[in-house]
Amino acid sequence: MSLSSRHLLGLQGVPKEDIQLILDTAATFREILERPIKRVPTLQGKTVVNLFYENSTRTRISFELAEKRLSADSVNFSVGQSSVSKGETLKDTIKNIEAMKVDLVVVRHAAAGVPNFLSRICNSNIINAGDGIHEHPTQALLDMYSIREKFGKLAGLKVCIVGDVAHSRVAMSNIFGLKTIGAQVSVCGPSTMIPKFIEELGVNIIHNIDEAIQENDVLNVLRIQLERKAREYFPSIREYANYFGITQERLEKNGRDILILHPGPINRGVELSSEVADGLNQIILKQVTNGVAVRMAVLYLLGTLN
Amino acid sequence: MDVKAKIIDEDGLSRIITRMAHEILEKNKGSQNLVLMGMKTRGEFLARRIFESIEQIEKIELPLGVLDVTLYRDDFRTRLKQPEVSVSNITFDINDRDVVIIDDVLYTGRTVRSALNALMDFGRPRSIQLCVLVDRGHRELPIRADYIGKNIPTSNQEEIKVKMKEIDGEDAIYLMENSVKN
């Protein structure tokens, strides 16, 4: 079994078999992370460049670790310390980096479509680590992995994505991936944050958070991206927290055992109350561990393609 | 691939396994420090048979692990098909133990090389021994087995097929020949 594409640009249009292959492969890499020596020589001799045009803690460290666990050579690029500040174009930068003989490029960029653009002009395998408000496929894959780990399946489960769906690449990737694999997906948030086209993707809209808690098996709570002017879409943070914030009280009132995921970093007291966040800590940290395994799987499956 | 000969049948295989179990115990002067490590896929079942045989002889249950060496292979660049990864299952400490690696066929020795590397990542065994059901020759690395079920000299056109009840429905060893005619 191999992936049907040379790149991972997003989950839109990725066949079910590919998603399943990545999740199954990730399950085997999960075991390596528990060993005393957390390293296998599989990608020895392969070079990976981490091209981060946007800040990141989790995703970047997760990719770096995944590369090291597979014995690949990795190089990090962050925009602040590069020639981008001297005015070099993206195309020139990538062509120069490629001339140094790299095999895989992991890219994060504030503009949607950058990974697609790179895949057209590069020979390397491109992995999207988040592009603008387009997609963040590895995050969605690790969310799906974490859900599958808890329920043993994905098909037929009810998953609700809560928060700023309109500006979230995590939401889009989750919707594409979960729909492909046969889960029922809904979204919940202020109407200003729900994109108009969402129903065309076969996604239900729920406007009441209590309803969302009652009707679903999983809530994937997004971060309110205050740095991306999220504040313009609702009257005040306090109001958002009142209407859509997940609190202990709310969970108890609806009395359901529900899996809550959060891609991090958490705005405490906004989308999750501090109490809920602390209670969830174990699950959210497990999500982070799974992230390394999922990224190892993607790197392995793309890096060993002939 | 056509069957050229059935070399070992069910009874034969069972005798070989009993003999190898005795040899392992004899060489290690008992079972004190032993652990068995089956190599995916058929080595896993073979290891379980040897485990059961030792259990009958010594009335002791040895630690039994499963090793998948896909990630340690050296032929990722030359293979046409991407190998599928599966899970190693080693639930015990292998530090300072005498580990017996168990596989069905010993051929080039490259799989065993991968297994040695893989085991080193799990710890530092006191010794590692190799037990194979069939040694068919054509080594490409300086590796030899400590316990051999049967030596079957082969040509490169031939292949050895070990069948085990657990996945193939029968116990047998076949000599196969490439059906391409010149």
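Protein chains in written order, with my numbering: chain A, 27 to 332; chain B, 898 to 1079.
Ideal Cβ positions, reconstructed from N, Cα and C, are used throughout, including at glycine.
Inter-residue spacing [alpha-carbon to alpha-carbon] between residue i and residue j
{"i": "K117 (chain A)", "j": "F103 (chain A)", "result": "15 Å"}
{"i": "L943 (chain B)", "j": "V320 (chain A)", "result": "32 Å"}
{"i": "N992 (chain B)", "j": "Q1054 (chain B)", "result": "41 Å"}
{"i": "T119 (chain A)", "j": "V110 (chain A)", "result": "8 Å"}
{"i": "S300 (chain A)", "j": "E278 (chain A)", "result": "15 Å"}
{"i": "A238 (chain A)", "j": "R84 (chain A)", "result": "28 Å"}
{"i": "T915 (chain B)", "j": "L1016 (chain B)", "result": "26 Å"}
{"i": "R282 (chain A)", "j": "S88 (chain A)", "result": "32 Å"}
{"i": "I187 (chain A)", "j": "G317 (chain A)", "result": "19 Å"}
{"i": "E171 (chain A)", "j": "K42 (chain A)", "result": "A small correction: the amino acid at residue 171 (chain A) is Tyr; Glu does not occupy that position in the sequence shown. Looking at the two C-alpha atoms, the distance is approximately 14 Å."}
{"i": "Y1124 (chain B)", "j": "D899 (chain B)", "result": "Past the edges of chain B, shown from 898 to 1079, lies residue 1124 (chain B), and the structure says nothing about it."}
{"i": "L328 (chain A)", "j": "A197 (chain A)", "result": "24 Å"}
{"i": "V101 (chain A)", "j": "N149 (chain A)", "result": "17 Å"}
{"i": "M934 (chain B)", "j": "R61 (chain A)", "result": "16 Å"}
{"i": "L964 (chain B)", "j": "L1003 (chain B)", "result": "16 Å"}
{"i": "H919 (chain B)", "j": "E907 (chain B)", "result": "19 Å"}
{"i": "R146 (chain A)", "j": "D129 (chain A)", "result": "15 Å"}
{"i": "P1050 (chain B)", "j": "K1058 (chain B)", "result": "14 Å"}
{"i": "I957 (chain B)", "j": "L331 (chain A)", "result": "45 Å"}
{"i": "I999 (chain B)", "j": "R939 (chain B)", "result": "9 Å"}
{"i": "R195 (chain A)", "j": "H162 (chain A)", "result": "5 Å"}
{"i": "S903 (chain B)", "j": "E1063 (chain B)", "result": "According to the sequence displayed, residue 903 (chain B) carries Lys and not Ser. So the two alpha carbons sit approximately 19 Å from each other."}
{"i": "N122 (chain A)", "j": "T115 (chain A)", "result": "11 Å"}
{"i": "T975 (chain B)", "j": "R912 (chain B)", "result": "39 Å"}
Closest residue to residue i among the options (Cα-Cα distance)
{"i": "F78 (chain A)", "options": "A:V133, A:E90, A:P41, A:S109", "result": "A:V133"}
{"i": "E57 (chain A)", "options": "B:L968, B:H1035, B:R946, B:L959", "result": "B:L968"}
{"i": "D157 (chain A)", "options": "A:A138, A:I272, A:F260, A:L311", "result": "A:A138"}
{"i": "L49 (chain A)", "options": "A:I207, A:K72, A:G215, A:P221", "result": "A:I207"}
{"i": "V229 (chain A)", "options": "A:R195, A:A181, A:K222, A:V213", "result": "A:V213"}
{"i": "A166 (chain A)", "options": "A:K255, A:L130, A:F270, A:G36", "result": "A:G36"}
{"i": "N348 (chain A)", "options": "A:S262, A:K179, A:N246", "result": "A question about residue 348 (chain A) goes unanswered here, because the residues of chain A that appear run from 27 up to 332."}
{"i": "V982 (chain B)", "options": "A:V296, A:A52, A:V131", "result": "A:A52"}
{"i": "Q308 (chain A)", "options": "A:G290, A:V324, A:Y269, A:V296", "result": "A:G290"}
{"i": "I905 (chain B)", "options": "B:D1068, B:V1009, B:I951, B:E1063", "result": "B:D1068"}
{"i": "L922 (chain B)", "options": "B:M936, B:K903, B:F948", "result": "B:F948"}
{"i": "R1023 (chain B)", "options": "B:G909, B:S911, B:V932, B:M917", "result": "B:V932"}
{"i": "L204 (chain A)", "options": "A:A181, A:R195, A:E226", "result": "A:A181"}
{"i": "E80 (chain A)", "options": "A:F270, A:S108, A:K94", "result": "A:S108"}
{"i": "V191 (chain A)", "options": "A:F177, A:T164, A:F223, A:A209", "result": "A:F223"}
{"i": "R95 (chain A)", "options": "A:K112, A:G106, A:K72", "result": "A:K72"}
{"i": "G1020 (chain B)", "options": "B:S1052, B:A902, B:R912, B:R994", "result": "B:R994"}
{"i": "D1032 (chain B)", "options": "B:Y1044, B:V984, B:P960, B:K924", "result": "B:Y1044"}
{"i": "L910 (chain B)", "options": "B:R946, B:P960, B:S928", "result": "B:R946"}
{"i": "V966 (chain B)", "options": "B:D990, B:E941, B:S950, B:E955", "result": "B:E941"}
N-terminal and C-terminal residue of the beta strand (DSSP E) that residue i is part of
{"i": "D190 (chain A)", "result": "Element bounds for D190 (chain A): n/a, residue is neither H nor E."}
{"i": "V1059 (chain B)", "result": "1055-1060"}
{"i": "R134 (chain A)", "result": "130-135"}
{"i": "M1017 (chain B)", "result": "Element bounds for M1017 (chain B): not the beta strand (DSSP E) but the alpha helix (DSSP H), 1007-1019."}
{"i": "M1073 (chain B)", "result": "1069-1074"}
{"i": "N76 (chain A)", "result": "73-78"}
{"i": "A155 (chain A)", "result": "151-157"}
{"i": "K1047 (chain B)", "result": "1044-1048"}
Terminal residues of the alpha helix (DSSP H) in which residue i lies
{"i": "D169 (chain A)", "result": "163-177"}
{"i": "D1032 (chain B)", "result": "From DSSP, D1032 (chain B) is part of no alpha helix (DSSP H) but of the beta strand (DSSP E) over 1024-1032."}
{"i": "L910 (chain B)", "result": "907-924"}
{"i": "L1003 (chain B)", "result": "Taken as a continuous stretch (DSSP letters only), L1003 (chain B) belongs to no alpha helix (DSSP H), being part of the beta strand (DSSP E) at 995-1003."}
{"i": "A181 (chain A)", "result": "Premise fails: A181 (chain A) is in no alpha helix (DSSP H) and is neither H nor E."}
{"i": "K42 (chain A)", "result": "42-58"}
{"i": "V140 (chain A)", "result": "140-147"}
{"i": "N81 (chain A)", "result": "Looking at the DSSP string, N81 (chain A) is not in any alpha helix (DSSP H), and its letter there is neither H nor E."}
{"i": "E124 (chain A)", "result": "116-125"}
Using a Cβ-Cβ cutoff of 8 Å, what residues of the segment 296-330 of chain A are near chain B? List them in chain order. Within the segment 296-330 of chain A, the qualifying residues are Y326, L327, T330.
Would you list, in sequence order, the uninterrupted beta strand (DSSP E) runs of no fewer than 3 residues that lie entirely inside the segment 263-310 of chain A? Whole beta strand (DSSP E) segments, 3+ residues: 285-287.
Could you name the residues of the segment 66-81 of chain A whose beta carbon sits closer than 7 Å to any beta carbon of chain B, in the order they occur along the chain? Flagged, chain order: V66, P67, T68.
Determine which residues of the segment 1017-1033 of chain B have a Cβ less than 7 Å from any Cβ of chain A, and write them out in chain order. Answer in chain order: D1018, F1019, G1020.
What are the residues of the segment 936-948 of chain B that lie near chain A, defined by any Cβ-Cβ distance shorter than 9 Å? Those residues of the segment 936-948 of chain B placed with their C-beta closer than 9 Å to a C-beta in chain A do not exist.
Using a beta-carbon distance cut-off of less than 7 Å, what residues from the segment 958-975 of chain B approach chain A? Result list: L968, Y969, F973.
In chain order, each alpha helix (DSSP H) run of at least 4 residues that lies wholly inside the segment 87-114 of chain A: Listed in chain order, there is nothing to give.
Would you list, in chain order, the members of the segment 188-215 of chain A that have their beta-carbon closer than 9 Å to a beta-carbon of chain B? Answer set for the segment 188-215 of chain A: empty.
Please identify, using Cβ separations under 7 Å, the residues of the segment 1032-1054 of chain B that lie next to chain A, in order along the chain. Listed in sequence order: no entries.
Mind listing, in chain order, the continuous alpha helix (DSSP H) runs of no fewer than 4 residues lying wholly within the segment 928-991 of chain B? Whole alpha helix (DSSP H) segments, 4+ residues: 939-955.
If the cut-off is 9 Å on Cβ atoms, which residues from the segment 87-100 of chain A count as contacting chain B, listed in chain order? So the close ones are L96.
Which runs of the alpha helix (DSSP H) fall wholly inside the segment 189-262 of chain A and span at least 4 residues, in chain order? With a minimum length of 4 residues, the continuous alpha helix (DSSP H) runs that stay inside the segment 189-262 of chain A are 195-207, 235-241.
Taking any Cβ of chain B, which residues in the segment 268-294 of chain A have a Cβ under 7 Å from it, in chain order? Cβ contacts with chain B come from no residue of the segment 268-294 of chain A.
Taking only beta carbons into account, state which residues of the segment 133-152 of chain A come closer than 8 Å to chain B, listed in chain order. Going along the segment 133-152 of chain A in chain order, one finds no residue with a Cβ nearer than 8 Å to chain B.
Short of 9 Å Cβ to Cβ, which residues in the segment 44-63 of chain A face chain B? With the criterion set as a beta carbon lying under 9 Å from some beta carbon of chain B, the members of the segment 44-63 of chain A are L47, D50, T51, A53, T54, F55, R56, E57, I58, R61, P62, I63, in sequence order.
Listed from N- to C-terminal order along the chain, which residues in the segment 980-1005 of chain B have their beta-carbon within a distance smaller than 7 Å of any beta-carbon of chain A? For the segment 980-1005 of chain B, which is checked against every Cβ of chain A, the residues closer than 7 Å are E981, V982, S983, V984, S985.
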